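**Q** Pasting a structure below so you can have a look.
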């Protein structure tokens, strides 16, 4: 499709939907609050709005169409269609969050049951499903850490958070936003976070260690217990970023390594759809000593009836409106119930097997490597450094060219510690045949890069649009984050 | 997508869905009825089945994506999404057709109300919503005609049905299936069905006239009342094929021209989605004297309660299982309720305006013509005869090439009375801009045909597959209507 | 306000378009319709719902007056069955690309052709027959056409019909066939199967259903096939494809034509809106020639190895030859074919087998429990699949009593006979609940 | 059985893959995890539902214990609003291509970039501001971030907050800001609007909501903007975009940053699951630099006239610079942005105006009727949009009594105060029904 911008399809007088007329006397607004000019929204018939978005959707790649193993760290797995049914049911979609508790016993029970399930998976004492996403759960954890230290009179003293370079940037960024100084541990020569650096960093100013494991490289830190002990020894808390717990479900648990807090992303490990970047869902798990600080309200069960408990004086309060991202709580619960303990373990094992199999295929492509060896769990951060040195083609360019074959990959977060990075995570959802096809596409593009690097650099050739000139996007005089800005700057 | 045949994606042992285990003692089947070999169905995971069909869907063009004005006679209009909501609701989807009447008062009321609405639109006495489609409604009408004449002792005598060449083939074919001899009137020099031919054909053997108006050419027969009178005069019945009534809603009615029976297609005029060719929906309307013969049961209202009446001794009986294609009855009702009398008239007027506007644009393309002049209602059967004579490119080839630009058209039913035909019907759903774009594409292809006819003949270039070699499809030794036949004949 | 469904009703664009074609008003375009035929008043229709919200509220109000089968425990079957509908089936058939497409060419509608080809191909595996049609309306029509195919194929006009067919279907077959086919009804035997039959060289076919209207699986298919073939007639068998994971397909015991309804394969009950019919035969030109429906076949393209699709033997159809084609063809139930394909692909061979075993076992369990509860189960020694009949003092009385308990107990066949349907959706607990209720009511 | 969600759990393929990588078992791959950390027992989880049907039955059973707002007459609002959700919104956000995609590049995910760009662009027209972010989690987060933006922009750490903010939102703002921002709460005036305020050069911003927590439309925006600007502070206004078809956008009276929740624009209530937040500013580099979220901009491609998309000023973000970025960015609520775009495109300027007029009129009508019924309506002289507060003898008592009549009468603010919400979904009859019930209960 060569689909125009929606404003270009507008024709005055057309309408996409009709609105009920008031049917009661109109209200005259004072001039101070009355809108002067109608907003310049598009005017289109209903079919034309629908058609526009259907066409745009066809210019997008979801898990439902693609072999989505390239979005490493994101756990792009199948979101079962049956779970969408539950959340589209009026029994979820048409519930108001402030209804009386006894009219929402079903949804409260789902919250309560999912909390118990995640507590068992993590070994934690309680779990809050309020955070809106993984990063929001990280922030909630920081807020609880802050409240915990404050409750002990150490709020001012403990002003540092330690994290690692291969933990998600939100660990550092949320800590900073919450007022902490951030110390980042770099990987040692084996790819593990440097324990000596931790020893040096830890101390009376340490509020917490925020760490992912396995890190975004797919490398599991075998000395994780020691990391936790070191922090505990200094009076700090240990917080486990389990955004991606897909490879270790039923294998190892946050509590067993001594963590005080952890979080899950419902939209990664627990299959809720990624939705172009949310609505997502986070879960913050805490040990008993952190439980009083959980966001409120909590869902409690008295043996016959579920209710909301907002009377929690030490709580950090609200992280977001109401109880949580309910549709994703429902989906995640249904997903676990479709698998059970044995199924979850099969998820983890298959995710790890798939990853190791894919690694085996990728590393057979000349020019691809996996720094720090081949011991990986659910994902791998690879490098095209070899290919780049040989051909001058960057990883990003390889990725764009691969898109011409219907697949995609993500490089990595900044900074690129692994040079020319690409991060693959096949999860349990893909078949061996998918992995073979994916690897074959990358092998083909790598070969193309060797034979005709300019061709690869000129990609894409088979997408909705051609190579994008990014220069204007960072120039305040030219950038156009809205059509309004664009028309003013470029069409006036 | 280069999506393989589903069998090629199978791997033994995989599964797309799990089935409840019996949980009670198994039953041993006698060998005479036990299946010997498992069926060779594909074995795939759930995501892979979904992905396959999502990809196939993206290789298909629906009203939701395309400017579907090219499927003339089919009234490709917008099917409002809100109406799908109603039929996907368990209150429709999970109703069993043999529930007690008082547990289905809502759906019976919808049937009853839609019957009243269609009776008003057609002027008929009663309407049956049982037929599964337009053709099934034609067959139901024939069945009633047969029962009517039989009830008067003229069943054997009246063994001929008269129709016209520009009425849908099902009029002829259903009459033949019902045991009638078929007489087909050809158009006269003005494109109207030849009234002299009718005079010659009509007589004591005439059971009925089955006629469309406006015919598939979009030409309204102004002498239609005379046609009806001639048939009535000979003791025959007049039956109106209103599969496509889109241009005359609220303008003229079947009963007013004297017809005894008529039918509508819910999936044409009344907006229910075409669904790749059904499920559809038909409605048979009859005058009072034909009412006793309607298929049963009927829906009756006693002032407080709706019920099914199956006690109708002269009824032709069942045309299909149960009451009708309920989801489409619900959709059609909702569509009318969103428009009302004024809205329906706006539908008709806009459909006719759109058609005349499009005709104006099409006839400005050199090589395109509209035999029999420019008086058309909702559609036009055009001809590329001029272009063909000049370039040797057939209408079918023009159509295939146009598909490269994301549009489609249909030629016409056989035989091609209009040479090199194409039939366009823009309905009320498309915008002026759509019509301009559609005409521009055809003008572009016509121009291409003139400049480079071989290029047009070689099309498509921009579709999932390339030019198909049709020869094997008519050769019993080679044809492969299933994968089973294909593997036997071509892969063995 | 310009109606959201009619973009060119906007007065400005309307005027522009009229000007372009040189018409003063839309009235001009209707000049061809004689004044006498013109309706001189607005249609007398209900006031429309001015906004989508009001329409939703209106429809919700109407539909709320239905009690659906998720709100009660329903044992209703008799031609419309409450099997589980996988969510992926709904997802696929809800996609606008399929839902709102129609009859395009094998190029821009390649997806539809392939999906339909795959549906017929999966049915072919299930049926062990090489030719399966693009769906016709429903099992009734499929049966009617299958019988007519046999009539045309043999040139004979007498058909022996199993009497174990529902009254409604019999009504349809009579209407469809009676005027030129003589229908001879075979009695139902004491065991619930077709009774003894006799045919001769004037018969075109024997028509058998399995499981039949009583849920009884016919076991004498091979014998009937031999009988038919012995006199040059065909055996036509109507079978619900959902049973064929465990039951032998008709072709295995010699049937020449198989037919039936595919509603079980992923369609909701929808108050009778989920039906579609299949017809299958072996790949014999003379038999294939008698199929009125479209057949989609695979074909090579200009690119080696690429699969294209197209119509097989189009010349058979009324699209090609009007009344000279075989019966007629038109819009029927294509989307349900695609959906049934999704269903079969999800289930695979093992899923179909397990489903069959579950239904067989639970049906038998239900028969035993209901018999224990005091109802007389008809044909207790026959193999049953999904349905069985019971005799009770009063059909209406028992149904009404069960309804009070939130149970739709079955379909009334006559004053004293009920038909009870059990699928994989009925758990053991559900069946026990029915039995307990029957016991209390009959006590 | 191989689980339908895990294709490579099939033993044959598993063995093949293990062989390919030279591992004896999957256990080998876990060798890196120290034994002491390995869980030596299966997880203690509920028995799974073995089949999709059983899962559906289980979930249906659970959810049946909810009473949803289509089953009663609900006047609940207070941050989550029951506006009509057009079916096309559900259709678009239900499409797998959007629902299951994530964070691809502007090539293979061009559709998402364009849809999101169009969403921010339509919001920009509604808000009359040139810069709008890709949605953050919700209106709470949007407010917190908007205030932090003002703090960073001005380099000051005091903020004047309207007191007419919900308690929950205030809780969030305290948690988010308290550690380094001093929040000064402005009292609510007798008329329901923000009361008299004083600020000086130490203030970074005034934060105002309109309509505020009482449904009162603030009329002194211009005055507050002048006040703020006079001391070099910013005016930050939280406004529900659904009101802006009739109400002046914050930019029109001088606001520097607008923010709020977009749940009203096409999202279901979903027990609080439909929230997403917007932040908008003028196109001033220093202000834009403070936005933590992604911004999607339009850009040229290698083909003249073609529109591509990309991230604007990516360097601001934590993706680019970890803790050196502005706050953090992560997965938030993108799909609700796309959905809100669909909503605005369907509504157009006229639809937004009509909707606003209907809500204004029905809110006033409800205030009058409920006052007639004997409740004391707070702030009766203020302009209200969608909500109003009433004082009654007992909040709990009245709510319980209304519930007996199938009415969720409003949100309890305190022992004697209720907040009543009226949208375009509440017909005149609905309002009359509420008023009649209130009258009887208070009589």
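Residue numbers (my numbering), protein chains in the order written: chain A, 15 to 506; chain B, 15 to 506; chain C, 6 to 448; chain D, 6 to 448.
We treat Cβ as the ideally placed atom computed from N, Cα and C, and that holds for glycine.
Computed from a predicted structure; not experimentally measured.
#1: Compare the C-beta of residue 101 of chain D against all C-beta atoms of chain B and say whether one is closer than 8 Å.
#2: Consult DSSP for residue 310 of chain C and reduce its assignment to one of helix, strand or coil.
#3: Would you mind stating whether residue 4 of chain B and residue 68 of chain C have Cβ atoms separated by less than 8 Å?
#4: Assuming residue 47 of chain B and residue 222 of chain C make a contact with CB atoms under 8 Å, what is their CB distance in whole Å?
#5: In whole angstroms, what separates the C-alpha of residue 348 of chain D from that of residue 85 of chain D?
#6: Sorted by chain position, which residues of the same chain lie with C-beta nearer than 8 Å to residue 301 of chain A's C-beta, five sequence neighbours on each side aside?
#7: Checking 8 Å against the spacing of the C-beta atoms, do residue 204 of chain C and residue 232 of chain C come in under that value?
#8: Return the bridge partner residues of residue 283 of chain D from the DSSP annotation.
#9: With 9 Å as the C-beta to C-beta threshold (strictly closer), list the residues of the stretch 90 to 111 of chain B near chain C in chain order.
#10: Which same chain residues end up closer than 8 Å to residue 308 of chain B when comparing Cβ atoms and leaving out the 5 residues on each side of it in sequence?
#11: For the beta strand (DSSP E) that contains residue 1 of chain C, what are its first and last residues?
#12: I want to verify the contact list: residues of chain A whose CB lies under 8 Å from the CB of residue 142 of chain D, in sequence order.
#13: From D:292, D:430, D:444, pick the residue whose C-alpha is nearest to that of residue 77 of chain D; which is it?
#14: Is residue 433 of chain D helix, strand or coil when you go by DSSP?
#15: For residue 234 of chain B, collect the residues of the same chain with a Cβ closer than 7 Å to its Cβ; drop the 5 residues on either side in sequence, then sort them by chain order.
#16: Per DSSP, which one or two residues make a beta bridge with residue 435 of chain A?
#17: List the DSSP bridge partners of residue 419 of chain D.
#18: Pull up the CB-CB distance for residue 486 of chain B and residue 345 of chain C, whole angstroms please, since I reckon it's below 8 Å.
#19: Helix, strand or coil: which one does DSSP assign to residue 199 of chain D?
#20: Can you find a C-beta in chain B that's less than 8 Å from the C-beta of residue 443 of chain A?
#21: Report yes or no: do the stretch 355 to 366 of chain D and the stretch 154 to 170 of chain D share at least 3 C-beta pairs separated by less than 8 Å?
#22: Just to check my reading of the structure: residue 135 of chain D and residue 499 of chain A have Cβ atoms closer than 8 Å, yes? What is that Cβ distance to the nearest angstrom?
#23: Looking at the structure shown, is residue 505 of chain B part of a helix, part of a strand, or coil, going by DSSP?
#24: Report yes or no: is there a C-beta of chain D within less than 8 Å of the C-beta of residue 16 of chain C?
#25: Give a yes or no on whether the minimum CB-CB distance between residue 389 of chain B and chain C is below 8 Å.
#26: Can you tell me whether residue 445 of chain C is helix, strand or coil according to DSSP?
#27: What are the boundary residues of the beta strand (DSSP E) that residue 256 of chain B is part of?
#28: Looking at C-alpha atoms only, which residue of A:480, A:496, A:144, A:180 is the closest neighbour of residue 311 of chain A?
#29: Which class does residue 493 of chain B belong to by DSSP, given the choice of helix, strand or coil?
#30: In chain D, which residues lie less than 7 Å from residue 58 of chain C when you measure between Cβ atoms?
#31: Since residue 443 of chain B contacts residue 61 of chain A with CB under 8 Å, what's their CB separation in whole angstroms?
#32: Determine which residues of the stretch 385 to 398 of chain D have a Cβ less than 8 Å from any Cβ of chain A, and write them out in chain order.
#33: Any residues in the stretch 229 to 256 of chain C with a beta carbon nearer than 8 Å to a beta carbon of chain B? Which ones, in chain order?
**A** In terms of the structure at hand:
#1: yes
#2: Residue state, collapsed to three classes: coil.
#3: Absent from the structure is residue 4 of chain B, since the part of chain B shown begins at 15 and ends at 506.
#4: 5 Å
#5: When rounded, the distance between both Cα atoms is 17 Å.
#6: Contacts found: 138, 139, 269, 273, 274, 275.
#7: Taking 8 Å as the Cβ cut-off, residue 204 of chain C and residue 232 of chain C qualify as a contacting pair.
#8: Paired residue(s): D:265.
#9: 90, 91, 92, 93, 94, 95, 96, 97, 98, 99, 100, 101, 102, 103, 104, 105, 106, 107, 108, 109, 110, 111
#10: 140, 142, 158, 298, 300, 326, 329, 330
#11: Because chain C spans 6 through 448 in this model, residue 1 of chain C falls outside it and cannot be assessed.
#12: Neighbours of residue 142 of chain D on chain A, chain order: 146, 147, 150, 292, 334.
#13: D:430
#14: helix
#15: 227, 228, 391
#16: A:397
#17: D:422, per the DSSP bridge assignment.
#18: Contact doesn't hold; Cβ gap of about 26 Å is too wide.
#19: strand
#20: By this cut-off, residue 443 of chain A is an interface position.
#21: no
#22: Confirmed, Cβ separation roughly 4 Å.
#23: helix
#24: no
#25: Residue 389 of chain B has a beta carbon lying within less than 8 Å of a beta carbon in chain C.
#26: helix
#27: 251 to 256
#28: A:144
#29: coil
#30: 89, 429, 430
#31: 5 Å
#32: Listed by position along the chain: 388.
#33: 249, 250, 251, 252, 253, 254
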